[in-house]
Structures are given as C-alpha cells and as structure tokens.
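Taking it in order: structure first as structure tokens, then the write-up.
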Amino acid sequence: MRSKPIVLVLGVFHFRYVEDILEPYRQKEIQELVQRITEFRPTKVCVEKVAERNDELNVEYRKYLSGDLELPANEIQQLGFRIAHNLGHENIYATDWMHLE
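Numbering follows UniProt numbering, in which position 18 of the sequence shown is assigned residue number 18; successive positions increment by one, without gaps.
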C-alpha cells in the first residue's frame, strides 16, 4: 500500500511590513526557522507567487544560488530561497491562486 504524502504548510506575515526584518537579531530568528524547516526535509518548496511567474522566480533563485542576489525583506527569499538552498533544490515553485491581469 502506498503511503500518503506528508505536507507542511507554513503561513507567515509579509516581511516587508516589518521595519527591522534585516537586522541581525531578526535574521537570527529567520535562520532558526529555516533550520527547523530544513530538518523536516521537504522535497519541494512552494512560495506565494502567481504560477505565471514561476520562470522569473527561478531566475531570481539561481541568482541567489550563484551569490548574485542579496536577499530583500521578503518572505519568499528570506525563507523559501534559504530552505530550498539548504536542501540542494534546483528549483522553487510559485503557487498562488490569484491571476495576473
């Protein structure tokens, strides 16, 4: 019998609304969360971004992997990129219900 997948869904606030998110003490908190999620060993990392922008998202993710992107005050990069990188993932996945107009 095939086992059911285990899914972790994490909801966070939008980091851009926190003025001190890039301060060292906040970055330490973020790194601790990233480490805990990394220990869960997700096989895919999905972030809140419209699916039509998946290619754009992965171009940005590859810039991060190559050291050409400083992480902005955004939960997609601060959490998603770091978690995917820690796990050696080549891609990250845009998943959002909204449609581009």
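Virtual Cβ for every residue (Gly too), placed ideally from N, Cα, C.
Being a predicted model, the structure only gives us computed values, none of them experimental.
Residues that DSSP places opposite residue i in a beta bridge
i         : result
valine 47 : Ala94
Buried or exposed by the 16-neighbour rule on C-beta atoms within 10 Å, applied to residue i
i            : result
arginine 82  : buried
glycine 80   : buried
tyrosine 25  : exposed
glutamate 29 : exposed
glutamine 35 : exposed
Proximal residues to residue i (C-beta, below 6 Å), its chain only, five neighbours per side dropped
i                : result
phenylalanine 40 : Leu8
asparagine 58    : Asn91
alanine 94       : Lys49, Ala51, Arg53, Asn54 and Leu57
tyrosine 64      : Phe81
Own chain residues within Cβ distance below 7 Å of residue i, not counting five before or after
i            : result
histidine 89 : Val45
alanine 73   : Phe15, Arg16, Ile21 and Leu22
Unbroken alpha helix (DSSP H) run spanning residue i, endpoints
i                : result
histidine 85     : 82-86
phenylalanine 13 : From DSSP, phenylalanine 13 is part of no alpha helix (DSSP H); its letter is neither H nor E.
isoleucine 37    : 24-40
glutamate 56     : 54-65
Cβ-based neighbour list, residue i, same chain, cut-off 8 Å, excluding 5 preceding and 5 following
i            : result
glutamine 31 : Arg82
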